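J.: Under my numbering, the first residue of the sequence shown is numbered 24, with each subsequent residue one higher.
Positions of the beta carbon are idealized from the N, C-alpha and C atoms, including for glycine.
Computed from a predicted model, the values in this text were never measured in an experiment.
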Amino acid sequence: MNLKGRSFLKLKDFTPEEITYFITLAGELKSKKKQGIAHDDLKGKNIVLIFEKTSTRTRCSFEVAAHDLGMHVTYLDPAGSQIGKKESIKDTARVLGRMYDGIEYRGFGQEIVEELAEYAGIPVWNGLTNEFHPTQMIADMLTIQEKLGHLQGVKFVYMGDARYNMGNSLMVTCAKLGMDYVACTNKDYFPDPDLTAYCKKVAEETGGSVTLTENVEEGTKDADVIYTDVWVSMGEPEEVWADRIRDLTPYQVNEKVMNYAKDTAIFMHCLPAFHDLETGIGRQIHEKFGLTEMEVTNDVFESDQSVVFDEAENRMHSIKAIMYATLK
Ligand code: CP
Ligand code: NVA
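1) Tell me the DSSP secondary structure of Leu52 in three-state form.
2) So does His292 have its beta carbon nearer than 7 Å to some heavy atom of the ligand NVA?
3) Here's a check: name, in chain order, each residue in its chain whose Cβ is nearer than 6 Å to the Cβ of Ser329, leaving out the five neighbours to either side.
4) Are at least three pairs of beta-carbons, each pair with one atom in the stretch 163 to 173 and one in the stretch 126 to 145, less than 8 Å apart?
5) Using 8 Å as the limit for Cβ to Cβ distance, is Ala140 near chain C?
6) Could you check which residue in Glu336, Thr349, Tyr347 has the C-alpha nearest to that of Cys83?
7) My assumption, with CB atoms under 8 Å, is that Phe312 sits in contact with Ile268. Please give the rounded CB distance.
8) Please determine, among Asn277, Gly305, Cys293, the residue with the shortest C-alpha to C-alpha distance to Ser326.
9) If you measure from the CB of Leu151, is any heavy atom of the ligand CP nearer than 7 Å?
10) Output needed for Arg80: all residues of its chain with C-beta closer than 7 Å, excluding positions within five of it in sequence on either side, in chain order.
11) Let's see if you can read the secondary structure: which residues bound the beta strand (DSSP E) around Met182?
12) Just to confirm before moving on: does the CB-CB distance between Ile308 and Ile161 stay below 8 Å?
13) Leaving aside the five residues before and after Ser232 along the sequence, list all residues of the same chain whose C-beta is less than 6 Å from its C-beta, in chain order.
14) Hey, which unbroken runs of the alpha helix (DSSP H) at 4 residues or more fall wholly within the stretch 114 to 157?
15) Just curious, the alpha helix (DSSP H) that Asn337 is in, first and last residue?
16) Going by CA-CA distance only, name the one from Pro157, Glu240, Asp64 that's closest to Phe37.
17) Just to confirm, are Ile126 and Leu119 a CB contact at a threshold of 8 Å?
18) For Lys285, which option in Lys109, Ala246, Tyr250 has the closest C-alpha, if you only look at C-alpha atoms?
19) Would you mind stating whether His62 and Lys53 have Cβ atoms separated by less than 8 Å?
20) Rounded to whole angstroms, how far is the Cβ of Thr208 from the Cβ of Met189, which I believe are closer than 8 Å?
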């Protein structure tokens with residue numbers, strides 16, 4: 024498998040075999056790290072991380088992974104560069120492409136990261152846009168593989184805003200890997216019809232399926248994986264909270280939902296999650312709307328079925344695999 028020089032912008036750009044290769048490589052690099060086997064094969068290379076939105080997992084994963092691979096890192100925060108204000112993406116791409124071996128970008132529209140990749144001349148990795156969150160996908164699939172032993176045929180249920188970065192990416196990834204993807208949510212939050220049609224077509228070829236349903240009992244029945252994400256994403260205006268709470272509360276992941284799923288089902292969340300009142304936003308929402316937990320109850324989040332911290336750890340191993348495969 025030769026992926027050298029490729030950018031990693033969205034899973035639509037990769038074949039099932041290539042996606043499987045990233046997952047396998049992530050597992051191998053994880054095992055090397057656990058055994059203390061050095062893998063600093065990218066010594067002497069430099070990468071730059073551009074974050075126009077905040078991050079904990081993605082930034083730390085890129086930095087730790089780069090260091091483990093022997094690389095040096097520059098971090099540009101949302102205010103610390105000329106990007107978008109004094110300098111276009113096209114010009115920025117051509118400047119950074121002269122200095123670095125790879126660029127990570129987290130920001131708003133997918134078209135920005137696509138443009139960066141078009142002009143940089145080096146691999147660009149999408150660290151999250153409004154439309155897609157592809158590095159999260161390799162971590163999530165590695166986690167499912169580790170916990171359930173396989174991917175093909177897994178019933179994967181996504182609850183919440185199924186038309187944003189996480190829902191879109193998971194639908195594409197599940198379809199490519201022959202899984203049974205279900206978006207179980209209010210119909211106003213169903214994914215874009217064109218993307219859904221694309222995924223249904225892909226699923227026909229891989230033996231998977233794509234289902235959209237508003238019925239919680241049917242949607243989650245015998246699920247292997249129950250997945251959710253925040254109801255309001257980074258960059259969205261505060262005014263949407265009231266509608267989201269009204270529309271998505273019936274799709275909260277709680278004990279009832281986990282009881283519809285298989286006994287062996289796992290709960291996943293890309294994090295950060297609103298499952299208690301220990302965050303500023305959690306407390307603000309509590310004051311305004313009286314909720315103590317949102318997309319997932321604290322009981323489910325803290326239960327034995329929850330694999331969210333294994334999933335978070337796997338971000339680092341999978342981002343390492345993505346950089347390794349595209350740079351080595
Ligand atoms: N899951 C995820 O991307 O987390 P961060 O926003 O902390 O990077
Ligand atoms: N949908 C969330 C994902 C965070 C990792 C957001 O965009 O804020």
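T.: Here's the rundown:
1) helix
2) no
3) Phe290
4) no
5) Here chain C cannot be found, since the structure has a single protein chain.
6) Glu336
7) 6 Å
8) Asn277
9) yes
10) Leu294, Ala335, Arg338
11) 178 to 182
12) no
13) Asp203, Ala226
14) 133 to 143
15) 331 to 350
16) Pro157
17) yes
18) Ala246
19) no
20) With 8 Å as the limit, Thr208 and Met189 do not qualify as a contact, their Cβ atoms being about 12 Å apart.
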